[in-house]
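K.L.:
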């Protein structure tokens, strides 16, 4: 059974479909040790079908695999699956989160357009964030969204942006008390009382030393430079 290194954790997985095997390929490792095993059961498939009916079974296998990995990492490895897009720039990772359809992917593509190879897309949909030696590290993940943007890389978190569509571009620090519950909503965790408590503890720790911003933006290049101004970067153009 192959072993895959995801979020710096060795996971033994036996893909049944070519789809899942191809999805995981870039994360396969030659290491022999593993931290845990993920096996998708018939019950897992049934539960996935209840959530989103009328899809092929290979997609249910894929979503169940991710769900099981996310649960294990949340419970035992001090990490969460974070519904957002993540980029690396100037040695730090930046997370952009917003409601679906706001334009997260469009925004990070502005960064690529304006800053070229200085920007690396870590993940276009579902990065993991783990605390390692008390530092929040953003990890790429095989599940990269419909645009399939991302790679097998990691970087220390430098900041979080909440995106809002607007006619004019502006950015401002977001007070911690206004960011806690939106960040909680972006996390994947068991929706029970203990899960919520643990997730809130994670978010409290995440926000302790991480700059958080509200970025109101349009889809012009200046939106990228407005965001850059918040992290102390000059517009070199």
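Numbering (our numbering), first residue to last: 1 to 237.
For every residue, glycine included, the Cβ atom is placed at its ideal position computed from N, Cα and C.
Every value quoted in this text rests on a predicted model; they were computed, and no experiment measured them.
Verify whether the separation of the beta carbon atoms of residue 98 and residue 104 is less than 7 angstroms.
P.N.:
Yes, Cβ-Cβ distance for residue 98 and residue 104 is below 7 angstroms.
K.L.:
Excluding the 5 residues flanking residue 189 on each side, which residues of the same chain have their C-beta closer than 6 angstroms to its C-beta?
P.N.:
Excluding residues within five positions, the ones whose Cβ falls inside 6 angstroms are 74, 195, 199.
K.L.:
What are the boundary residues of the alpha helix (DSSP H) that includes residue 67?
P.N.:
Where residue 67 is concerned, the enclosing alpha helix (DSSP H) stretches over 57-76.
K.L.:
So, helix, strand or coil for residue 48, using DSSP?
P.N.:
Correct three-state label for residue 48: helix.
K.L.:
Could you tell me the alpha carbon to alpha carbon distance between residue 131 and residue 18, rounded to whole angstroms?
P.N.:
Distance between the alpha carbons of residue 131 and residue 18 is about 32 angstroms.
K.L.:
With H, G and I counted as helix, E and B as strand and the rest as coil, what does DSSP make of residue 159?
P.N.:
Of the three classes helix, strand and coil, the one that applies to residue 159 here is strand, per DSSP.
K.L.:
I believe residue 111 touches residue 224 by the beta-carbon criterion, under 8 angstroms. Please report the beta-carbon distance rounded to the nearest angstrom.
P.N.:
Yes, residue 111 and residue 224 are in contact; Cβ-Cβ is about 5 angstroms, under 8 angstroms.
K.L.:
Compute the Euclidean distance between the alpha carbons of residue 237 and residue 227, then round it to the nearest angstrom.
P.N.:
Below a pLDDT of 50, predicted positions are generally treated as unreliable, and residue 237, at 40, falls in that range; the measurement from the model is reported next regardless. Straight-line Cα distance between these residues: approximately 14 angstroms.
K.L.:
Whose C-alpha, out of 137, 58, 126, 179, is nearest the C-alpha of residue 22?
P.N.:
With distances taken between Cα atoms, residue 22 lies closest to 58.
K.L.:
Going straight from the alpha carbon of residue 229 to that of residue 165, what length do you get?
P.N.:
Distance between the alpha carbons of residue 229 and residue 165: 18 angstroms.
K.L.:
Is the CB-CB distance between residue 61 and residue 40 below 7 angstroms?
P.N.:
Yes, the Cβ-Cβ distance between residue 61 and residue 40 is below 7 angstroms.
K.L.:
So is residue 207 buried or exposed if we call it buried at 16+ other beta carbons inside 10 Å?
P.N.:
Buried is the call here.
K.L.:
Indicate the three-state DSSP secondary structure (helix, strand or coil) for residue 41 in the structure shown.
P.N.:
The answer is coil: DSSP assigns residue 41 none of H, G, I, E or B.
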